[in-house]
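All the letters of the sequence shown, read from the start, carry residue numbers 7 to 265 under our numbering. A virtual CB, placed ideally from N, CA and C, is assigned to each residue, including glycine. Shown next, in C-alpha cells, is the structure this report addresses.
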Amino acid sequence: MSVVLRLAGFSVARAAHRIVRDLDARIEGPGLVAVCGPNGAGKSTLLAALAGHLPHRGSALLDGRAPESGDLAYLPQATRVGAGLTVLETVLLGRIDHLRWTVRPGDIRAAVEALQVLHLAHLAERRLDRLSGGQQQLVFVAQRLVRRPRLLLLDEPTSALDLNRQMILLEELQAYLLARNAIAVVALHDLSLAARFAATVLLMKAGRLVSCGSPAGVLTRETIEVVYGIRAELLTASSGQTVVVPLGPIRGTGREAPA
7 MSVVLRLAGF
17 SVARAAHRIV
27 RDLDARIEGP
37 GLVAVCGPNG
47 AGKSTLLAAL
57 AGHLPHRGSA
67 LLDGRAPESG
77 DLAYLPQATR
87 VGAGLTVLET
97 VLLGRIDHLR
107 WTVRPGDIRA
117 AVEALQVLHL
127 AHLAERRLDR
137 LSGGQQQLVF
147 VAQRLVRRPR
157 LLLLDEPTSA
167 LDLNRQMILL
177 EELQAYLLAR
187 NAIAVVALHD
197 LSLAARFAAT
207 VLLMKAGRLV
217 SCGSPAGVLT
227 RETIEVVYGI
237 RAELLTASSG
247 QTVVVPLGPI
257 RGTGREAPA
C-alpha cells in the first residue's frame with residue numbers, strides 16, 4: 007500500500023513577495039521527505055502553508071484529496087513550553103480533539119506509546135520546563151505522533167538534538183511512517199542525515215524547487231554547488247551510506263551566500 011502527496015502549482019506569498027513559487031511534485035510514500043536548501047529558501051514557509059497556517063495558491067493533495075485536520079500534524083521551529091505541565095500531560099494535548107471532558111485509558115496508552123517510541127517514557131512525570139531543549143523538542147514530536155497523522159510536517163526537528171538523539175528520532179520516525187503508511191515532510195539542514203534517512207529529497211533555492219527525487223539523484227556535487235554555493239565531496243561510508251562533506255564556499259562566482 008502506498009500514500010501519495012501531490013503538489014501542483016503550490017505557491018505562497020506575503021504582501022507582494024512570493025516566498026514559495028509554483029512547486030510541482032509527486033511524492034509516493036510511505037517514508038520521509040527531506041526539504042533541504044539554504045536559509046531563506048522557503049522551507050519553513052512551505053511547511054506552514056501545507057499545515058494550513060498560511061494561505062497558498064495551487065493544491066496539495068494527499069491520496070487525491072485535500073488533507074483534513076485529522077490527517078496531519080505540524081511542528082514549527084518555535085514551540086512554547088507550557089509551564090507546570092508534565093511530559094505526559096503535554097503529549098496528551100496532542101489528542102485534545104479526542105479528549106472531550108475526560109481522559110480515557112486509550113488516550114493514556116496512546117500517549118505512553120508515543121513516548122516509548124522516542125525513548126522518553128522514563129520522563130513521563132517530569133515537568134516539561136525542567137527538561138533540556140533537546141528533550142523538549144522530542145516531547146513535542148511525540149505530541150504530534152500521538153495524533154497518528156498520515157501527513158507529518160516537522161520544521162528542523164533535529165536542530166537541538168545531539169548525534170545520538172538525531173539518529174534515534176529519525177530511525178523511529180522511519181519505522182512509524184512505514185507502520186502507519188504515512189509521509190513526513192521534514193526540513194533538514196544536515197545533508198548527510200537527508201541522504202541517510204529520506205526516501206525523497208526536495209531541494210529548494212529562493213522559493214523554487216531545484217530538484218526532487220531520491221537522495222542519490224538530488225544530492226550531487228553539481229546541485230549542492232548551485233544551491234548552496236559550496237564545493238562538496240560525496241563519500242560512501244562502510245555501511246554504504248552517502249556522507250556529504252562541505253569543502254568550502256565558492257568565491258568570485260556569484261554563488262556564495264549573501265552577507
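On a Cα-Cα basis, can you pick out the residue from 22, 161, 248 that is closest to residue 147? 161
Kindly provide the ranges of any alpha helix (DSSP H) runs that are 4 or more residues long and lie completely inside the stretch 127-163, ordered along the chain. 139-151
Tell me whether residue 10 is buried or exposed, calling it buried when 16 or more other Cβ atoms sit within 10 Å of its Cβ. exposed
Cβ pair count under 8 Å reaching 3, the stretch 202-211 against the stretch 27-37: yes
In three-state DSSP terms, what is residue 31? strand
With a 10 Å radius around its C-beta and 16 neighbouring C-beta atoms as the bar for buried, classify residue 100 as buried or exposed. buried
Counting only the same chain and skipping the five closest in sequence on each side, list residues whose C-beta sits under 6 Å from that of residue 75. none
By how many angstroms is the C-alpha of residue 43 removed from the C-alpha of residue 228? 14 Å
Going by the DSSP bridge assignment, what does residue 49 pair with across the sheet? Paired residues: none, contrary to the question.
Here's the rule: buried if 16 or more other CB atoms are within 10 angstroms of the residue's CB, otherwise exposed. What is residue 15? exposed
Rounded C-alpha distance that separates residue 113 from residue 150: 13 Å
Count the other CB atoms within 10 Å of the CB of residue 25; is the residue buried (16 or more) or exposed (fewer)? buried
Out of 194, 127, 95, 172, state which residue places its alpha-carbon closest to the alpha-carbon of residue 83. 194
How about residue 156 and residue 186: are their beta carbons less than 9 Å apart? yes
Tell whether a beta-carbon distance below 9 Å holds between residue 181 and residue 140. no
Verify whether the separation of the beta carbon atoms of residue 97 and residue 18 is less than 9 Å. no
Terminal residues of the alpha helix (DSSP H) in which residue 183 lies: 169-186
Apart from the five residues just before and just after residue 168, which ones in its own chain have a Cβ nearer than 8 Å to its Cβ? 140
Beta-carbon contacts of residue 172 that lie in its chain and below 6 Å, excluding the five residues immediately before and after: 164
Which residues DSSP lists as bridging residue 16, in chain order: 29
Reducing DSSP to helix, strand and coil, say where residue 225 ends up. coil
Completely contained beta strand (DSSP E) runs for the stretch 52-103, where each covers 3 or more residues: 63-68, 78-81
Considering only C-alpha positions, which residue in the set 56, 109, 217, 233 is nearest to residue 13? 56
Excluding the five sequence neighbours on either side, which residues of its own chain have a C-beta within less than 6 Å of the C-beta of residue 224, listed in chain order? 207, 209, 217
Quick one: what's got a C-beta closer than 8 Å to residue 64's C-beta in the same chain, skipping five residues either side? 13, 14, 15, 16, 17, 28, 29
Classify residue 217 as helix, strand or coil using the three-state DSSP reduction. strand
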